[in-house]
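Q: After the structure tokens below, expect a handful of questions from me.
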Amino acid sequence: MERLSGPAEEARFVVENGVAARVASLIEPVLESMGYRLVQVRQMGGTDAILEIMAERLDGTMTVEDCEAVSHAVSPLLDVHDPVEGSYRLQISSPGIDRPLVRPADFERWAGYEAKIELKEPVSGRKRFRGPIEGFADGEARIEIEVPDAGRQIVGLPLALIGSAKLVLTDELVRDTLRRAKGNDTTAEKTDKPARKDARSKDARKDSRRTDVTKVK
């Protein structure tokens, strides 16, 4: 399956709250002007607070150099507007292989692969769904699930009810994603080798690009 390009302005249906929402509203126009799409912003607390920004090119790729470019663009903006209290580590990353699904086009782009979807409120008595993606139509994400006493069926989940959705990390997804990455980026082996080596030494299945900047106040 080929990854398809889509408009950067296609709205995300999964949105952030609190600090993450403020950060998203600040940086999304900047990312779009640079030819990137915002995927997700997450704030993780604890002793080593992290602000994670996931982004991608319009073709779905994201290299270490892209992460660095985004970091250089958004870091001064965050310094000026200061939406995060206290010190934190700014982390710019690709969505990774088991990526979040945040736009309607994601369900078309990744049709055929397994996903996990959690709803804000139950549909037919359940909030969690898992199965192969069957696309997107009529305002609904289509997914094939096992229905007790009825076998496998395709159900439509209203976009407005989806709280979170992401791909499931399977051998097929890992294999196909890495194969496409090699085919799409002829310079990846040369330019991304240190980053890939580091990622694989921890978990060969993740294959995400990332750059970190520590913000001390």
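First residue of the sequence shown? That's -4 in the numbering used here, and the numbers climb one at a time after it. Using N, Cα and C, we set each Cβ at its ideal position, and we do this for glycine too. Model, not experiment: these values are computed from the prediction.
#1: Between which two residues does the beta strand (DSSP E) containing L162 stretch?
#2: Is P99 near F124, with beta carbons less than 8 Å apart?
#3: Would you report the Cα separation of E141 and I149, rounded to the nearest angstrom?
#4: Can you give me the start and stop residues for the beta strand (DSSP E) that R137 sits inside?
#5: With contact counted as at least three CB pairs below 8 Å, one residue from each stretch, are the stretch 74 to 91 and the stretch 14 to 32 in contact?
#6: Run the CB neighbour count on D93, radius 10 Å, all protein chains shown included, and call it buried at 16 or more, exposed below.
#7: Relative to the alpha-carbon of V9, which residue among M29, R37, V25 and L21 has its alpha-carbon at the smallest distance?
#8: Suppose only complete runs of 4+ residues qualify. What are the alpha helix (DSSP H) ranges in the stretch 22 to 63, listed by chain order?
#9: Does DSSP put E80 in a helix, a strand or coil?
#10: Please go through the same chain and pick out, in chain order, the residues whose beta-carbon is closer than 8 Å to the beta-carbon of E23, but skip the five residues on each side of it.
#11: Taking the beta strand (DSSP E) that A132 falls in, what are its first and last residues?
#12: Could you compute how far the alpha carbon of K111 sits from the alpha carbon of A160?
#13: Tell me the DSSP bridge mates of V118?
#14: Going by beta-carbon coordinates alone, are S88 and E47 separated by less than 8 Å?
#15: Please report the straight-line C-alpha distance between E63 and K177, rounded to a whole angstrom.
#16: Can you grab the Cα-Cα spacing for the pair A240 / G126, in whole Å?
#17: Taking all protein chains shown into account, do 16 or more other C-beta atoms lie within 10 angstroms of the C-beta of R204, making it buried, or fewer, making it exposed?
#18: L72 and L21 - do their beta-carbons sit closer together than 8 Å?
#19: Near E103, which residues of its chain fall below 6 Å by C-beta distance, leaving aside the five closest residues on each side in sequence?
A: Considering the structure as presented:
#1: I157 to L162
#2: The beta carbons of P99 and F124 sit no closer together than 8 Å.
#3: 9 Å
#4: Per DSSP, R137 belongs to the beta strand (DSSP E) from E135 to V142.
#5: yes
#6: buried
#7: When each option's Cα is compared against that of V9, the closest is R37.
#8: none
#9: coil
#10: So the qualifying residues of the chain are L33.
#11: R121 to A132
#12: 6 Å
#13: R121
#14: yes
#15: Taking the straight line from one Cα to the other gives about 21 Å.
#16: Any property of residue 240 remains undetermined from this structure, which presents the chain solely from -4 to 212.
#17: buried
#18: yes
#19: G130 and F131
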